[in-house]
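According to UniProt numbering, the sequence shown is numbered sequentially starting from 1.
C-beta atoms are modelled at their ideal positions from N, C-alpha and C, and glycine is treated no differently.
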Amino acid sequence: MAEDATRRTLMFALSYVLLKRRRDVNNANALRSREIQRRVAHRQHFRQRHQRMMMMLLTQCSRSSSELCPRPPRIWSCIESTDWWERVAMREFQPSDWLEKFRMSRETFFYLCEELRPRLSRQDTRLRPALRLEKRVAVALWRLASNVEYRTISTLFGIGRSTVCKCVREVCQAIVLILRPLLLPWPSPEMQTRLAQLSLSHWRVPHCLGALGSLHVPILAPPRGSQHHRNSRGWLSVAAQAVVDAEGRFWEVWAGFPGGYGHSAILQSSRLWQAGEGGALQCQPAAKLLERALPSRLILGDGGCPLRPWLLRPYSPSVSLEQRAFDQRAQWAVGTAERAMLRLRARWQCLLKRNDCRLDLLPSMILACCLLHNLCEVRGDGFQPCWQHTVSLEESPQPLDQAPASEDHPGGEEVRALLAEYLLQVEEEEEL
């Protein structure tokens, strides 16, 4: 028994020594491996640091040599000539050339550039100089006025096609952001009074703020949901609506709706509908016609508009003398809106021909064209009658629409009958 106990003690001691020896060897190997890794990382760090210092030295040397002997970077050497814009357009264009090519006068062009400068100004880089603001605005205006391909504009102005696309997008967005508060503000009470006076002097309709018009822009088939863009005429479009005053200028525009939507549905998605239904168009102080109260100021529209107390459409058909008197004045107003839309499409033919831009750009493009229309009208830029000839040859006539009777408001019929009676009385007084 004593020998067995001694043998077990020796075996235990021997096992402990062997395990301790193995643990010491493993620890030593781990320390050696970490030291090797540390030295390798240290050596790599100094090698990378040396490489960075050499690169900085080479960059500084090449920069110094380029300053002494400047030359255009090789990476941009394939850019085409810009002689047409810098020499022909900027130096040799006559006033008629500016009006024909850019649809505005030279003075209005540079006024527009100065208004957009805070938003569109760019700085030169070491790789290339920035594209001048005037050239970027000219590229966008050329696209809006002619609707030609990006490839053609790229060759004409000597820039890349992607640059043309970027210029069009940025300029349209800048026009909407900067010029909308100036040229397309929501009418204040004072402005509403002025609009009503214009309508009374031009259309002889009291308390009227303007006429409602619609516009459909032809587009290419989108990758998804093309059935929603097919309008009543059978072609694909994006729809917009606007309110036009008696002088043919827009004061409210909403755009970007699928062409398959009815005019009434598009109208009900607008701020104008919310204002009319919410009472924001009420006369202050309250107006009266024939000793009867008029609930609000009026907007005149075509047959695609629902009949509301603030939105009136012509009779169909007109039977009585009162109805004929009203329809005559309503046709004057709607005709003004139609002529404004015609001038808009004739001046900016991107809204006339089939537009191949992305759908997300079209709302900004339509709004930008409406703002430029107002700018040209305010500054008195000429409109050439030959532009309308192109509109008469368009392959996609504007679709017509008829609002369902279920959307009419009973108060709308009362206001229309009151206004018709008033207009007939005015006509009889004028004949005497």
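Check: Where Phe257 falls: helix, strand or coil (DSSP); Outcome: strand
Check: Cβ-based neighbour list, His409, same chain, cut-off 8 Å, excluding 5 preceding and 5 following; Outcome: Pro306, Leu307, Arg308, Pro309
Check: Proximal residues to Cys350 (C-beta, below 6 Å), its chain only, five neighbours per side dropped; Outcome: Leu144, Asn147
Check: Distance CB(Ile219)-CB(Ala239) smaller than 8 Å; Outcome: no
Check: Assigned exposure category for Glu114 - 16 Cβ within 10 Å defines buried; Outcome: exposed
Check: Same chain, Cβ closer than 7 Å to Pro73, five either side skipped, listed in chain order; Outcome: Any reading at Pro73 must be qualified, since the residue scores a pLDDT of 47, below 50, and its modelled position is unreliable; the value itself is stated next. The answer, listed in chain order, is Leu127, Arg128.
Check: Classification of Asn231 by the beta-carbon crowding that lies within 10 angstroms, buried from 16 upward; Outcome: buried
Check: Burial state of Asn355, where buried means 16 or more other Cβ atoms lie within 10 Å; Outcome: buried
Check: Stretch-stretch touch, CB-based, cutoff 8 Å, three pairs: the segment 169–184 with the segment 133–143; Outcome: yes
Check: Test item: CB-CB of Cys283 and Ser270 under 8 Å; Outcome: no
Check: Whether Glu407 touches Ser264 by CB criterion (8 Å); Outcome: yes
Check: Span separating the alpha-carbon of Pro285 from that of Trp254; Outcome: 29 Å
Check: Cβ shell of Glu414 (< 8 Å), same chain only, five flanking positions each side left out; Outcome: Pro309
Check: Cβ-Cβ distance between Lys135 and Trp203 below 8 Å; Outcome: no
Check: Distance CB(Leu272)-CB(Glu247) smaller than 8 Å; Outcome: no
Check: Beta carbon of Asp327 nearer than 8 Å to that of Tyr315; Outcome: yes
Check: Proximity of Pro399 and His228 at Cβ, strictly below 8 Å; Outcome: no
Check: The beta strand (DSSP E) enclosing Ala275, as first and last residue numbers; Outcome: Element bounds for Ala275: not the beta strand (DSSP E) but the alpha helix (DSSP H), 271–278.
Check: C-alpha gap between Ala293 and Thr336, whole angstroms; Outcome: 27 Å
Check: Val391 beta carbon less than 8 Å from that of Leu359; Outcome: no
Check: Alpha-carbon to alpha-carbon, Arg21 and Asp4; Outcome: 26 Å
Check: Coarse secondary structure for residue 437, derived from DSSP in three states; Outcome: This structure cannot speak to residue 437, because the chain is shown only from 1 to 432.
Check: Top-ranked residue by Cα proximity to residue 489, from Leu112, Glu100, Arg91, Arg47; Outcome: Nothing in the structure corresponds to residue 489, since the chain is present only between 1 and 432.
Check: Which of helix, strand or coil DSSP assigns to His373; Outcome: helix
Check: Leu344 vs Val176 beta-carbon contact at 8 Å; Outcome: no
Check: Own chain, CB closer than 6 Å to Leu179, minus 5 neighbours either side, in chain order; Outcome: Leu371
Check: Proximity to Ala405 [Cα-Cα], best of Leu424, Arg313, Leu361, Pro385; Outcome: Arg313
Check: Whole-angstrom distance between Leu321 and Gln331, CA atom to CA atom; Outcome: 15 Å
Check: Whether Arg49 touches Trp348 by CB criterion (8 Å); Outcome: no
Check: Classification of Met365 by the beta-carbon crowding that lies within 10 angstroms, buried from 16 upward; Outcome: buried
Check: For Ser214 and Arg233, the rounded distance between their alpha carbons; Outcome: 14 Å
Check: 8 Å Cβ shell around Gly225 - same chain, five flanking residues per side excluded; Outcome: Pro258
Check: Buried/exposed call for Gln197, threshold 16 Cβ in 10 Å; Outcome: exposed
Check: Cβ neighbours of Cys376 in the same chain (closer than 6 Å, five flanking residues each side left out); Outcome: Met104
Check: C-alpha gap between Gly279 and Ala242, whole angstroms; Outcome: 20 Å
Check: Host alpha helix (DSSP H) of Ser201 (start-end); Outcome: 189–202
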